[in-house]
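Student: Pasting a structure here, questions to come.
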Amino acid sequence: MFPNWQLVLLSLGYIGLLFLIAFLGDRYRHQLAKKGQGIIYALTLGVYCTSWSFLGTTGQASTSLLSHLPIYLGPILLFLFAWPFIQRIIRVSLKLHLTSIADLLAARFGKSHNLAIMVTIVALVGTMPYMALQLKAMVYSFQQLQIDQNLNSWHIGLVVSLVLAVFTVLFGIRNIDVTERHPGVMLAIAFESLVKLFAFLAVGIFVCFVLYDSPVDIWQQASANDLLEQQFTLDNVTSMFAMLVIVMAAFLSLPRQFQVMVVELKDQKDTWLSRRVFPLYLLIFAFFAAPLGLAGQMLLGNTVPSDTYVLFLPDVTEQTWLTLFAFLGAVSAASSMVIISAIALSTMLSNEIVFPLLYRRQKVAQTDYDTFRKRLLNIRKLLALFVILLGYGVFIMASPDTLSSLGEVAFGAFAQLTPALIAAFYWRRATLIGVYAGILVGFILWLTLNFLPQFGLYASPFAEDFLPAKTTATLFSLGANIIVMWALSQISRQSVQERVQASLFLEWQSPKRLKVEKKRQLDVRELELLASRFVGIEKAHTHFNLFLSTHNKKSLGNVLYNQQLLQHTENTLATVMGSSSARLVLSSALDGRDIALDELAVLVEDASSQRQEFSQHLLQSAIENASEGISIVDDELRLVAWNKKYVNLFEYPSELVYMGSPISGLIRHNVQRGLCGSGDIESQVNRRLNFLRKGNPHSSERQHANGQTIRIEGNPLPGGGFVMMFSDITAYRQAEQVLKEANLDLETRVYERTLTLAKTNKALAKAHEKAEQAHLKKSQYLNACSHDLMQPLEAARLFTSALSAQSNLTTVQQRQVENIDRSLKAANDLLGDLAEIARLESGNIKANIQVFALNDLFEDLAQEFAAVAIEQSVEFRLVASKVWVKSDRHLLRRIIQNLVGNAFRYASPGKVLLGARVFNNQVIIQILDNGPGIPVEKQMLVFEQFTQLHT
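Using my numbering, you'd call the opening residue of the sequence shown number 524 and step up by one each time.
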């Protein structure tokens, strides 16, 4: 159908897209919206839908309509009716930081290492046929769609295995802390869940509503073709219910399902959306599986294998794009299971088998952290590769069976773990011996009756009669498992450790009132003595005296008084050991028996836990109200105390910060976000961890990308460990930077202003110098002009004087000569004034300061202007003054003369008054007239040279 290069290119492009999604998911994991975590978690549960669900169920439905339903109905029923059980598994696992199904069962039954190894082996062997199923689906799909059959199945399978191994190692195994989540991988798995859902949905809609009118039309045509005969027989219904039991049992113990449902979970609140989304997700597959199987049987028949109907049905009308989309859906369904299973099994193998062996044979305790970390990380990567290649080996050796057959065989192995899982949470009397023996017997029976026959070593001892042989073998081994576990648990005894661990998985029964025999009288002092052994003599005495002072036995009656006394005693004991332990102590004392060893162990465990919680609460209360962020780590570099300010400063996600969390995870989180500079992530993490191990006090500052500045101060604790204080000094540094910038800006501005001022002053100096030179030249010119002009005028006056001295002039002629002389004199005076101005501006004129009577100067001016006043009809008045002044008489006279002349000019006809006033030892000379006056805004202009106002 398609050339090899097209299929290879499409596959590589899709795998490359997964790599990109995983990379972006790791890089921007903290930017994912909080609301998005719930839908991502719900979609990751879709890892359950493997190639069996995508391809195999359609092949099952083509021959038996009921056979495909259990694979979908099992998880749906569990999510609907066993939801509290699922929530309890999640709650306990998160509380105890359990990392696998093996870790959970071992923790419940006395922390048994042998049980953990057994569960790990069962999970590994059970996963192999299921992983082979996925590899077979991908290889088979590729071969069915290629035109050139020149690529062998083992070649294709090896390439696919190696590519998936590389993805798993790069994004699934990066740290030795197995409690750390893999957001990039989970985002990629959620994306694959969408791809296979939309691909299956697209093919289903195409077949049901394009090739046929509706699913009803498919059903009617299948009935007409006798495809529905013998479908709902008793055998088929019984087989369906038998398979439903196996699927429900296996679902709870699937390693990949535990990985995504528990280990990768950040917050238990994120699970509530999955209760609705995941069943709906499965219902879509269940709804279209039967119509696709029947349509494939009618349209394709035996021309192609029934497991490939989903791939070839779109090709009926040459819908090439839909065929390729279905191919990607099959790849998504298979690859997601391989990746998650490899991550889960590598964790189980390293924790339960490899690392304990390594610890016993080598001096791991003396190995430095960096060496240990690199060694363990490499081991986990090799184990992931080993798991995938082991699945590839089973794929090569297994018989060419259908996908559903391999899936059913694998489910039989996982189902062997479920009786122990249920007993861990609901059966207090289950013992380690019973659980271990039950799993061992069930696993051996499954191995011999179900798994090995798949390799053709021998035929299955069960006949294909009432139930399929594989189903019968699985149910037989599962039944033997349950019987052995129940029987041995009845005859064996739990150890103290088992009972202690059981208390963490099983809730205490609701408290009941302690019953006291009616005939027995309670003695207050005996109960006080009992309490004093645990709370101290002084505290017990105080508490019981308080009780006696507030309770009257006569008024309350004997029964009520005894009940309240017992309750008071229990409350007093509970202050130091917890309510459950207090009830145990009090019950034992009343019954007159000693506390059993296992009860004492639980009592000590509870009391120690309470004291530890109290100490933790006290420490937490002490640091919570601090203004700085505070974190405290113990000698194993695990977080033991912190405050909210610390979490807010670094924006830590909630799943990273918990009691006992490795500080390496927090440091790595900061390094990945770029808060610690650039460089290799692991090198930076190890350098900081080594610094903490040395226990040297330090102080530093860290600048975040968002501009936040954090001051870090660390000091070692006496008994080991480290206390760190983180202060947000962003505002202080910003203010400091603002002051620095302001100071620098001010200095720059002052320097620029200084340069500008210097340039301006220099330019002004040059301009002033030029103006002075021009003014000097002007003054010199005026002086020269006035001097040259005055000579001919003086000569003309000499002529007029000589002319006026002649006696033969008539009166008219004499008057004319006098007028000419007077005009010449006025012109001479003007030129004299001009010369004086020139000398004054050039600085050559000097004032002749002398003391004189001001009134004499006034009298001279009065005589001078008397004739002018008559001519211009001006009433000129003079106010006599007795003031003597010290000034230049000539220059002062010229000033007053000019002012009086201006007054005459503009007041004619009118009045002019000349006088003087004395004010503060100074003389004010005033010339008053009734002329138009000078506007205030123009009064300063009249003092400029050669300026005349037009009024």
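Every residue, glycine too, gets a C-beta built ideally from N, C-alpha and C.
Leaving out five residues before and five after Gln842 in sequence, what residues of the same chain have Cβ atoms less than 8 Å from its Cβ?
Tutor: Phe729
Student: For Thr567, tell me which candidate among Arg1417, Arg1048, Val786, Val1408 has the shortest Cα-Cα distance.
Tutor: Of Arg1417, Arg1048, Val786, Val1408, the residue nearest in Cα terms is Val786.
Student: Considering Pro1239, what are the terminal residues of the beta strand (DSSP E) in which it resides?
Tutor: Unbroken beta strand (DSSP E) run through Pro1239: 1232-1239.
Student: Kindly indicate the opening and closing residues of the beta strand (DSSP E) around Glu1467.
Tutor: Unbroken run through Glu1467: none, as it is neither H nor E.
Student: Do the stretch 863-878 and the stretch 581-594 meet, that is, are 3 or more Cβ pairs less than 8 Å apart?
Tutor: no
Student: Counting only runs that start and end within the stretch 1392-1460, where is the beta strand (DSSP E) found for 3 or more residues in a row?
Tutor: 1397-1401, 1407-1411, 1433-1442, 1445-1452
Student: Starting from Glu1224 and walking both ways along the beta strand (DSSP E), at which residues does that stretch end?
Tutor: 1221-1226
Student: Please classify Pro1176: does DSSP put it in a helix, a strand, or coil?
Tutor: coil
Student: Using 10 angstroms around the beta-carbon of Trp1031, count the other beta-carbons present and answer buried if the total reaches 16, otherwise exposed.
Tutor: At Trp1031, the pLDDT of 42 sits below 50, so the modelled position is not reliable; the number obtained from the coordinates is stated separately. By the 10 Å Cβ count, Trp1031 comes out exposed.
Student: In whole angstroms, what is the alpha-carbon distance linking Gln780 and Val861?
Tutor: 12 Å
Student: Starting from the C-beta of Asn1193, find all residues in its chain whose C-beta is less than 7 Å away, skip the five residues before and the five after it, and write them out in chain order.
Tutor: Phe1173, Cys1199
Student: Taking only the alpha-carbon atoms, compute the straight-line gap between Leu1071 and Ala605 and give it to the nearest angstrom.
Tutor: Take the alpha-carbon of Leu1071 and the one of Ala605: they are about 50 Å apart.
Student: What separation, rounded to the nearest whole angstrom, lies between the Cα atoms of Lys1168 and Ala1254?
Tutor: 16 Å
Student: Buried or exposed: where does Pro1447 fall if 16 or more other Cβ atoms within 10 Å of its Cβ makes it buried?
Tutor: Looking at the sequence itself, residue 1447 is Ile, so the reference to Pro does not match. So Ile1447 counts as exposed.
Student: Let's see if you can read the secondary structure: which residues bound the beta strand (DSSP E) around Asp1251?
Tutor: 1245-1251
Student: From the DSSP output, in three-state form, read off Arg1016 for me.
Tutor: In this structure, Arg1016 counts as coil in the three-state DSSP scheme.
Student: Would you call Met1463 buried or exposed, if buried means 16 or more other Cβ atoms sit within 10 Å of its Cβ?
Tutor: exposed
Student: Taking the alpha carbon of Phe974 as the reference point, which residue from Gly961, Glu931, Ser585, Gln529 has its own alpha carbon closest?
Tutor: Glu931
Student: Using the rule of at least 16 other Cβ atoms within 10 Å of the residue's Cβ for burial, across every protein chain shown, is Asp1117 buried or exposed?
Tutor: Note that Asp1117 scores 44 on pLDDT, short of 50, meaning its location in the model is unreliable and no value can be drawn from it.
Student: May I ask which residues mark the beginning and end of the alpha helix (DSSP H) holding Phe966?
Tutor: 955-969
Student: Please determine if the stretch 650-670 and the stretch 679-690 are in contact, where contact requires at least 3 C-beta pairs separated by less than 8 Å.
Tutor: yes
Student: Tell me which residue opens and which closes the alpha helix (DSSP H) that Gly727 is part of.
Tutor: 706-729
Student: Quick check: the Cα distance between Ile1419 and Asp1268, rounded to an integer number of angstroms?
Tutor: 57 Å
Student: Using 10 angstroms around the beta-carbon of Gln889, count the other beta-carbons present and answer buried if the total reaches 16, otherwise exposed.
Tutor: With a pLDDT of 47 at Gln889, under the threshold of 50, the modelled position of this residue cannot be trusted; read the value that follows with caution. Exposed: under 16 other Cβ atoms inside 10 Å.
Student: Tell me whether Val827 sits in a helix, a strand or coil according to DSSP, three-state version.
Tutor: coil
Student: How big is the Cα-Cα spacing for Leu687 and Tyr959?
Tutor: 34 Å
Student: Find the nearest neighbour of Leu720 within the set Leu1326, Gln782, Gly852, judged by alpha-carbon distance.
Tutor: Of the listed residues, the one whose Cα sits closest to Leu720 is Gly852.
Student: Apply the 10 Å Cβ neighbour rule to Thr691 and answer buried if 16 or more other Cβ atoms are within range, or exposed otherwise.
Tutor: buried
Student: For the putative contact between Val783 and Ile562, defined by C-beta atoms under 8 Å, what is the C-beta separation to the nearest angstrom?
Tutor: Taking the Cβ atoms as the reference, Val783 lies roughly 14 Å from Ile562, outside the contact range of under 8 Å.
Student: Could you check what DSSP says for Phe632 in three-state terms: helix, strand or coil?
Tutor: coil
Student: Taking only three categories from DSSP, how would you classify Gly536?
Tutor: helix
Student: Using DSSP with H/G/I as helix, E/B as strand and the rest coil, what is Ser548?
Tutor: Looking at the sequence itself, residue 548 is Gly, so the reference to Ser does not match. In this structure, Gly548 counts as helix in the three-state DSSP scheme.
Student: Select from Ser585, Pro607, Glu1051 the residue whose C-alpha is nearest the C-alpha of Trp742.
Tutor: Ser585
Student: Tell me which residue opens and which closes the alpha helix (DSSP H) that Ile1372 is part of.
Tutor: Following the DSSP letters along the chain, one finds Ile1372 in no alpha helix (DSSP H) but inside the beta strand (DSSP E) bounded by residues 1372-1376.
Student: Candidates Phe1399, Arg1161, Ser1150: which alpha carbon is nearest Thr1212's?
Tutor: The question names Thr, but residue 1212 in the sequence shown is Leu. Minimum Cα-Cα distance from Leu1212 among the listed residues Phe1399, Arg1161, Ser1150 corresponds to Arg1161.
Student: Output the distance between the C-alpha atoms of Ile956 and Val964, rounded to the nearest integer angstrom.
Tutor: 12 Å
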